[in-house]
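For the sequence shown, the residue numbers in this note's numbering are 47 to 336.
Ideal placement from N, C-alpha and C gives every residue a C-beta, glycine not left out.
Here the structure is a predicted model, which means the values were calculated and not measured.
Let me begin by presenting the structure, written as structure tokens, before commenting on it.
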Amino acid sequence: MSDKKKILIQLDTDNQASVFDRVVAVDAGTEFLFTHAGVTPVQVQALVHGAIFTRGPKDLMSTAVFVGGSDVSAGEAILAEVRKSLIPQYGLSVSVMLDSNGSNTTAAAAVRAAAKHMDLSKSKALVLGGTGPVGQRVARLLARQGAHVRIGSRGLDRAQAVCATIKARHANAQVEAIATGSSTDGPKALEGRDLVIAAGAAGAVLLPAKLRAQAKALRVAIDLNAVPPVGIEGVELGDKGVTKDGVICYGALGVGGTKMRIHKAAIAKLFQRNDLVLDAEEIYDLGEGL
Ligand SMILES: NC(=O)c1ccc[n+]([C@@H]2O[C@H](COP(=O)([O-])OP(=O)(O)OC[C@H]3O[C@@H](n4cnc5c(N)ncnc54)[C@H](OP(=O)(O)O)[C@@H]3O)[C@@H](O)[C@H]2O)c1
């Protein structure tokens, strides 16, 4: 245990750091929040050295790093630099979490919601908007749980690229790219799918009601778009495990409560040790039982 104050160092890749992430940090028990905005990879080493060379190894569990901002690729580059700048062989390490654009906590909450109602290892899932930061992580987490995952995109090549990225991380992943760009693509994409998670851009309808009615195998529908019109027609923003026409539905706000609990639990976890790296999988795992 360390009796030092809990310091969270927020490395945000946007020019204006996320207020959302700052509020959650405080609510999760952070005592001092050091916010750095517009962070680029070249700046990271000095920032991390400031963190690890001040307190002794036994107190470094009271210092942690949070990587955020709207650009997930930029956040991933910052996370990689943070990891390179730590010196764990001498105990000079701090725990770090990546949640750019809320992607990891949102994806974890969505997959947790689905897992309440079905055995994911037997599920046949379709992730609409599967090329975005949230959709990619949803697909990755579902595949890791053993689901067969169809990744939908208006551009088949983009979905194929996501499949390759997931397979590089989880060799046994059962992933398949599917085009969803034209009105005739829908039935093929939905065929045999018992789970649909829509992670499309805000305000984009990805699954119209007419098409949804043809999805005979569908048991669980989760829509993460919080900006009307919703991504799955018929699913309301506040739906949380509501059954409609035999399908269990979640809307963005219905998933949002779990997302917030997972986000806060992840921040709190950072202060329990000094060697954690919380990315999609680790964040999903700590959502167990929340
Ligand atoms: N509930 C929460 O707590 C929470 C938190 C964070 C985010 N979100 C929501 O989660 C969703 C996904 O976030 P994100 O940042 O990953 O989204 P994003 O990057 O803006 O979009 C995701 C994908 O949607 C597809 N898309 C874009 N415009 C489209 C259109 N007009 N019609 C059909 N498809 C379109 C694109 O895929 P292709 O071009 O490959 O088709 C894109 O890669 C958003 O709706 C966001 O608001 C919710």
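Asked                                                                                                              : Found
First through last residue of the alpha helix (DSSP H) which encompasses MET306                                    : 298-316
Cβ-based burial, SER228 [other Cβ within 10 Å; buried from 16]                                                     : exposed
Run of the alpha helix (DSSP H) containing LYS104, from where it starts to where it stops                          : From DSSP, LYS104 is part of no alpha helix (DSSP H); its letter is neither H nor E.
Any non-hydrogen atom of ligand 2 closer than 8 Å to THR100 Cβ                                                     : Of the ligands this structure carries, namely ligand 1, none is ligand 2.
Cβ-heavy atom distance, ARG258 to ligand 1, below 8 Å                                                              : no
Close-in-space but distant-in-sequence residues of the same chain around GLY192 (CB under 7 Å, 5 per side omitted) : LEU166 and SER167
Close-in-space but distant-in-sequence residues of the same chain around VAL293 (CB under 6 Å, 5 per side omitted) : LEU264 and ALA267
Closest residue to GLN135 among TYR296, LEU57 and ILE98 (Cα-Cα distance)                                           : ILE98
Distance, VAL301 Cα to PRO274 Cα                                                                                   : 16 Å
Delimiting residues of the beta strand (DSSP E) encompassing THR90                                                 : In the sequence as presented, Thr is not what sits at residue 90; that position holds Val. No beta strand (DSSP E) holds VAL90; the alpha helix (DSSP H) holding it covers 87-98.
THR337 Cβ short of 8 Å to ligand 1 heavy atom set                                                                  : Shown here, the chain extends from 47 to 336; a query on residue 337 therefore has no answer.
Among GLY181, LYS51 and ARG186, the one whose alpha carbon lies nearest that of MET107                             : LYS51
Element boundaries [alpha helix (DSSP H), containing ILE133]                                                       : Segment: none, ILE133 is in no alpha helix (DSSP H) and carries neither H nor E.
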